[in-house]
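Since the structure comes first, as structure tokens, the remarks are kept for the end.
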Amino acid sequence: MLKKFFQAFRPSETPALPDPDAELALGALLVRVAQSDRAYLVEEISLIDRILARLYQHNAIEAAKVRATCEKLHMAAPETDTFGRLIRETTGLEERLAALDALWEVVLADGNEHEGEIRIVEDAYKAMGLSHADNEAARTRARSKLAAQAENT
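If you use the working numbering, the sequence shown corresponds to residues 14 to 166, in order.
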């Protein structure tokens, strides 16, 4: 009886998710990486917001809204390589390298490189048409960036 009562207040259909573009695909990948270790930390969430703001010129509220959409896309999402291919097909090399840098920033945000996170990044960089050398360079850049931020705090 309570179940029927609560169902009366819920929408009968969930709103349709937008078709992902490169921004939403990257955001969903960032969320996927952050959640892969089963600890979706506030630091990771705020980092994703900052990355989306930096790469797509959003203010803080817009970035948070995009991330929220990306969280929903991630939950209903296709495989990682589908997002990676979408990024490859709709962006240039510079944007794909920036996306890979962003993925590594999220992997390294908690100070640990979990196997699941690394696997997602590996699937993504291959699907984005990037090389192993591109991946290692992105990892190095992300480590350097985090080390520089730690020194400044």
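We put the beta carbon where it would ideally sit given N, CA and C, even for glycine.
Check: If I measure Cβ to Cβ from residue 50 and keep anything under 7 Å in the same chain, skipping five residues before and after, which residues do I get?; Outcome: 127, 129 and 130
Check: With respect to the alpha helix (DSSP H) encompassing residue 92, which residues constitute its N-terminal and C-terminal limits?; Outcome: Taken as a continuous stretch (DSSP letters only), residue 92 belongs to no alpha helix (DSSP H), as it is neither H nor E.
Check: Where does residue 121 fall in DSSP's three states?; Outcome: helix
Check: Does the structure place the segment 57-72 close enough to the segment 133-141 that three or more beta carbon pairs sit under 8 Å?; Outcome: no
Check: So, with DSSP's three-state summary, where would you put residue 69?; Outcome: helix
Check: From which residue to which residue does the alpha helix (DSSP H) around residue 135 run?; Outcome: 128-140
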